[in-house]
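Below: one structure, written as structure tokens.
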Amino acid sequence: DWTMAEFRKTKIAEIREQVGDGKVICGLSGGVDSAVAAVLIHEAIGEQLTCVFVDHGLMRMGEAEQVVSLFKEHYNIPLVHVDAEEMFMSGLAGETDPEKKRKFIGKTFIDVFEDEAGEIGGADFLAQGTLYPDVIESVSFTGGPSVTIKSHHNVGGLPERMNMQLVEPLRELFKDEVRELGRELGLPEVFVGRHPFPGPGLAIRIPGEVTKERCDILRKADAIYLEEIRNAGLYDAIWQAFAVLLPVKTVGVMGDGRTYDSVCGLRAVTSTDGMTADVYPFDASFLSRVATRIINEVKGINRVVYDYTSKPPGTIEWE
Ligand code: XMP
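Residue numbers (UniProt numbering): 202 to 520.
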């Protein structure tokens with residue numbers, strides 16, 4: 202019978218076989234998947250691996266620091282931290298189409314990796330934490346005709362000119378299995394248990410144009426929401442929870458003044474693999490507390506709504 206310990210051994214052998222004495226560059230997104238892939242590959246080939254964390258400025262509050270400290274302090278795995286915020290923000294300026302935003306981000310990631318690969322004198326392989334559902338959902342919708350729902354930024358291969366092969370050791374796994382593998386590899390529970398976070402980051406939680414200012418507003422609202430979820434002891438019961446900043450302004454009243462600010466949407470779902478999802482049924486008092494805090498503490502938001510859509514027909518992310 203099949204265990205994670207065996208999977209770990211088999212994959213390590215496969216990675217060594219595939220890579221030989223080549224050099225591998227691994228992109229860290231801040232999420233569990235790419236971290237688990239990196240740790241597994243490091244175990245297989247050690248110094249032949251260079252990890253690159255591309256900070257696109259679309260991370261949640263404190264996330265970049267957490268990833269960097271996990272790799273540098275906990276694992277001592279060499280990590281290149283690239284601050285690419287300016288490049289991503291300027292490229293996203295004026296873009297409102299969800300697929301174009303995703304495609305731009307995916308392409309820019311590759312550009313940055315390519316530069317970094319050049320820096321280390323060339324890499325033969327690019328490692329990614331692609332999971333089974335990422336592969337399926339980018340290709341077709343289960344049970345339906347073959348249509349692309351969303352272009353997951355880490356699926357779809359590499360540009361020809363890159364001359365790098367992909368190393369994707371998690372390609373057959375579902376999220377819960379990746380978490381199990383992460384535990385098997387000794388990743389801290391707080392890291393392994395983190396909610397999924399999409400590669401394109403906050404860009405797909407800001408329908409309409411993405412700006413640094415809107416990212417900052419969303420980061421604050423999202424941090425309050427997650428803090429309340431943790432305080433209520435609900436974090437582990439939820440597959441994913443996050444705030445969305447809508448491109449809609451509404452009228453409000455605060456003190457004796459009129460406000461005209463953005464709407465914040467809150468999403469929380471339960472799921473086992475992200476392919477289908479149910480709405481998390483918070484108590485009304487919990488939602489009121491979060492709404493009040495966000496409106497009082499985050500300048501730029503004056504209304505909060507809760508998303509009651511399951512998947513299908515909705516998707517988990519808004520774009
Ligand atoms: P959707 O929105 O398609 O999301 O219902 C299903 C799960 O996938 C995550 N997601 C992504 N993960 N790159 C990723 O690594 C992506 O481009 C991407 N898009 C969505 C989403 O957060 C959810 O967990």
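Yeah, the Cβ is synthetic: ideal placement off N, Cα and C, and Gly gets one too.
Notebook entry, point to check: So does Glu266 have its beta carbon nearer than 7 Å to some heavy atom of the ligand PLP?
Noted result: Of the ligands this structure carries, namely the ligand XMP, none is the ligand PLP.
Note to self: Between which two residues does the alpha helix (DSSP H) holding Tyr426 run?
What the structure shows: Within the sequence shown, the letter at position 225 stands for residue 426. Residues 413–432.
Next item on the list: State the Cα-Cα distance for the pair Pro514 and Glu286, rounded to the nearest angstrom.
Entry: On the sequence shown, position 313 is the one that residue 514 refers to. On the sequence shown, position 85 is the one that residue 286 refers to. Cα-Cα distance, rounded: 33 Å.
Note to self: Using the three-state DSSP reduction, which class does Phe375 fall into: helix, strand or coil?
What the structure shows: The count along the sequence shown starts at 1 and reaches residue 375 at position 174. Collapsing the DSSP output to three states places Phe375 in coil.
Next item on the list: Could you check the C-alpha separation between Gly295 and Phe289 for me, to the nearest Å?
Entry: Within the sequence shown, the letter at position 94 stands for residue 295. Within the sequence shown, the letter at position 88 stands for residue 289. Each residue's Cα considered, the two are about 12 Å apart.
Check: Considering only the beta carbon of each residue, do Gly475 and Ile430 sit closer than 8 Å?
Finding: The residue you call residue 475 lines up with position 274 of the sequence shown. The residue you call residue 430 lines up with position 229 of the sequence shown. No, they are not a contact pair.
Notebook entry, point to check: How about Ala245 and Asp256: do their beta carbons lie closer than 8 Å?
Noted result: Position 44 of the sequence shown, counted from the first residue, corresponds to residue 245. Position 55 of the sequence shown, counted from the first residue, corresponds to residue 256. Result no, Cβ atoms of Ala245 and Asp256 do not sit closer than 8 Å.
Checklist line | Given 8 Å, three or more beta-carbon pairs between the segment 446–453 and the segment 462–472 | finding: Taking one beta carbon from each stretch, the segment 446–453 and the segment 462–472 have 3 or more pairs nearer than 8 Å; the two touch.
Notebook entry, point to check: Around the Cβ of Ile495, are there at least 16 other Cβ atoms within 10 angstroms (buried) or fewer (exposed)?
Noted result: Numbered from its first residue, the sequence shown carries residue 495 at position 294. With at least 16 other beta carbons inside 10 angstroms of its own, Ile495 counts as buried.
Next item on the list: Would you mind sorting Asp437 into buried or exposed? The rule is 16 or more other CB atoms within 10 Å of its CB.
Entry: Numbered from 1 along the sequence shown, position 236 holds the residue referred to as residue 437. Classification of Asp437: exposed, given that the 10 Å Cβ count is below 16.
Item checked: Coarse secondary structure for Ser352, derived from DSSP in three states -> If you number the sequence shown from 1, residue 352 lands on position 151. Ser352: coil per DSSP, three-state reduction.
Next item on the list: Return the bridge partner residues of Met288 from the DSSP annotation.
Entry: Indexing the sequence shown from 1 puts residue 288 at position 87. In DSSP, Met288 forms no bridge with anything.
Next item on the list: Check whether the Cβ atoms of Pro370 and Ile216 lie closer than 8 Å to each other.
Entry: The residue given as residue 370 occupies position 169 in the sequence shown. The residue given as residue 216 occupies position 15 in the sequence shown. Closer than 8 Å, so yes.
Check: Between which two residues does the beta strand (DSSP E) carrying Pro448 extend?
Finding: Taking the first residue of the sequence shown as position 1, residue 448 is located at position 247. Element bounds for Pro448: 441–455.
Item checked: Buried versus exposed, by CB contacts within 10 Å (16 or more), Thr204 -> Counting from one through the sequence shown, the residue named residue 204 turns up at place 3. Taking all protein chains in view, the Cβ of Thr204 is surrounded by fewer than 16 other Cβ atoms within 10 Å, so the residue is classified as exposed.
Next item on the list: Sort out for me which residues DSSP pairs residue 178 with in a bridge.
Entry: Nothing in the structure corresponds to residue 178, since the chain is present only between 202 and 520.
Next item on the list: Would you mind working out which of Leu280, Glu274, Gly258 sits nearest Gly292, comparing C-alpha positions?
Entry: To locate residue 292, count along the sequence shown from 1; it is residue 91. Checking every option, the nearest Cα to that of Gly292 belongs to Gly258.
Check: Hey, is the segment 224–240 in contact with the segment 310–330, meaning 3+ C-beta pairs nearer than 8 Å?
Finding: Counting Cβ pairs under 8 Å, three or more are found: they touch.
Item checked: Buried versus exposed call for Ser472 [16 or more other C-beta atoms within 10 Å across all chains shown] -> Taking the first residue of the sequence shown as 1, we reach residue 472 at position 271. Flag for Ser472 reads buried.
Notebook entry, point to check: Three or more C-beta pairs closer than 8 Å, one from the segment 230–241 and one from the segment 294–308: is that the case here?
Noted result: Using a C-beta cut-off of 8 Å, the segment 230–241 makes no contact with the segment 294–308, since fewer than three inter-stretch Cβ pairs fall below that distance.
Margin query: Excluding the 5 residues flanking Leu280 on each side, which residues of the same chain have their C-beta closer than 7 Å to its C-beta?
Written below: For the purposes of this step, residue 280 is taken as the residue at position 79 of the sequence shown. Same-chain partners within the cutoff: Cys252, Phe254, Val269, Phe272, Lys273.
Next item on the list: Would you kindly work out how many angstroms separate the C-alpha atoms of Glu428 and Glu414, rounded to a whole number?
Entry: Numbered from its first residue, the sequence shown carries residue 428 at position 227. Numbered from its first residue, the sequence shown carries residue 414 at position 213. Spanning the two alpha carbons is a distance of roughly 22 Å.
Check: Using DSSP with H/G/I as helix, E/B as strand and the rest coil, what is Ile517?
Finding: Here residue 517 refers to the residue found at position 316 when the sequence shown is read from its first residue. Shown here, Ile517 sits in coil according to DSSP, grouped into three states, outside any helix or strand.
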